[in-house]
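Visitor: Under our numbering, the residues of the sequence shown are numbered 57 to 286, in order.
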Amino acid sequence: MPDVIIYLGPSLSQSEAEEILPAGPEVQYCPPVRRGDLAGAIAAAPRIIGIIDGLFFENAAVGHREILGALKAGILVVGSSSMGALRAAELSPFGMEGIGEVYRRYQAGLIESDDEVALICDPVSNMALSEALVNIRITLEKALSSGVIDEEEHSALLQAAQHQYYPDRTWPQVIRGASLPSTRTDAILLWVRASGVDQKQDDARAALRYIASRMNRQMNSSDFQSSTLS
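Okay, structure coming up:
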C-alpha cells in the first residue's frame with residue numbers, strides 16, 4: 057500500500073512532479089480527484105493524501121465529508137493549487153493543510169469562486185487548454201507592479217478575463233476582450249508569454265516539496281503530528 061496518494065492533473069505534469077517526489081511503492085499518482093474517489097484512498101490507508109487537481113462543473117467535485125473522513129482516519133490531507141487549495145481553505149479548521157499562494161488567497165477571502173481555478177484540459181494528457189483566472193490575476197498584478205501595464209489597462213484586462221466563460225479564457229482572448237490599441241495588445245501578449253506567472257504550477261511544486269519533507273520526517277521520527285504551512 058502506498059504511503060502517499062496524490063491527485064494531480066493540469067497544474068503540473070506527472071513527469072515534472074516526479075522530479076520532486078518520484079512515483080513508486082510509497083508514492084502513487086492519480087488523475088484529478090472526483091466525488092467518491094477518496095473512499096478507495098482511505099481504504100488503502102496512506103499516511104498522506106495530496107489533493108492538487110480535482111474535477112468539477114461537469115463532474116461532482118470531491119466532497120467535504122470525504123475529506124473529513126480521511127482526516128478522521130488519521131490521514132494527513134494536503135491541498136494546493138486548484139481544487140486542493142479551495143478545499144483546504146474551507147477545511148483548514150478541521151485539520152486539512154493548505155500550501156501556496158492560491159490557498160492563501162482563498163483562506164484570506166481575497167478570492168472566493170471556484171471559477172478562479174477552473175479550466176479545461178485534455179482528458180488524456182491532462183494538458184490545460186485554457187487559463188485559470190487566478191493565474192491571469194497574479195500575472196496582471198506582476199505586469200502592473202513592473203510597469204508593463206498601467207492601472208487602466210490592468211482593470212480592462214482583469215474585467216475581460218472575469219467576464220469570459222472559463223473554457224474560453226486564454227491570454228489572446230483576454231487581451232482581445234480588453235479592447236486595447238493593437239500596439240498594446242501585441243506588446244502585452246509578448247510579455248505574458250515571456251514572463252507570465254503560473255501560480256498553480258508553482259503551488260503544486262511547493263506542495264510536493266512539503267509532502268516530501270513530511271515523508272522524510274516520518275522516516276526519521278515516530279512523531280507524525282500535522283503542522284501548518286502556508
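All C-beta atoms in this analysis are idealised placements derived from N, C-alpha and C, irrespective of residue type, glycine included. The structure presented is a predicted model; accordingly, all values stated were derived computationally and were not measured.
1. To the nearest angstrom, report how far apart residue 139 and residue 238 are at their CA atoms.
2. Taking the alpha carbon of residue 142 as the reference point, which residue from 154, 182 and 241 has its own alpha carbon closest?
3. Name the two residues that bound the continuous beta strand (DSSP E) containing residue 140.
4. Would you kindly report the start and end of the unbroken alpha helix (DSSP H) that includes residue 123?
5. Report yes if the CB atom of residue 200 is closer than 9 Å to the CB atom of residue 218, and no otherwise.
6. Pick from 257, 144, 151 and 67: whose alpha carbon is nearest that of residue 162?
7. With a floor of 4 residues, list each alpha helix (DSSP H) that falls wholly inside the segment 220-257, ordered by position along the chain.
8. Pick out whichever of 151, 115, 117 and 111 has its Cα sitting closest to the Cα of residue 125.
9. Per DSSP, what kind of secondary structure is residue 76 in: helix, strand or coil?
10. So, residue 108 versus residue 118, is the Cβ gap smaller than 9 Å?
11. Give the secondary structure of residue 211 by DSSP, where H, G and I count as helix, E and B as strand, and everything else as coil.
12. Let me make sure I understand the geometry here. Which of 67, 80 and 191 has the alpha-carbon closest to that of residue 60?
13. How is the beta strand (DSSP E) around residue 105 delimited, first residue to last?
14. Going by DSSP, what residues sit across from residue 132 in a beta bridge?
Guide: The short version:
1. C-alpha separation (whole angstroms): 36 Å.
2. Considering only 154, 182 and 241, the residue with the shortest C-alpha distance to residue 142 is 154.
3. Residue 140: not part of any beta strand (DSSP E); member of the alpha helix (DSSP H) spanning 139-147, first to last residue.
4. Element bounds for residue 123: 120-128.
5. No, the pair does not count as a contact, with Cβ atoms beyond the cut-off.
6. The residue with the shortest Cα to Cα distance from residue 162 is 144.
7. List check, alpha helix (DSSP H) in window: 227-233 and 238-251.
8. The alpha carbon of residue 125 has as its nearest neighbour, out of 151, 115, 117 and 111, the alpha carbon of 151.
9. In the structure shown, residue 76 sits in a helix (DSSP, three-state: H, G or I).
10. The Cβ atoms of residue 108 and residue 118 do not sit closer than 9 Å to each other.
11. Judged by DSSP in its simplified three-state form, residue 211 adopts helix.
12. Here the closest residue by C-alpha is 80.
13. That run of the beta strand (DSSP E) goes 104-107.
14. Residue pairing by DSSP places residue 132 opposite 104 in a beta bridge.
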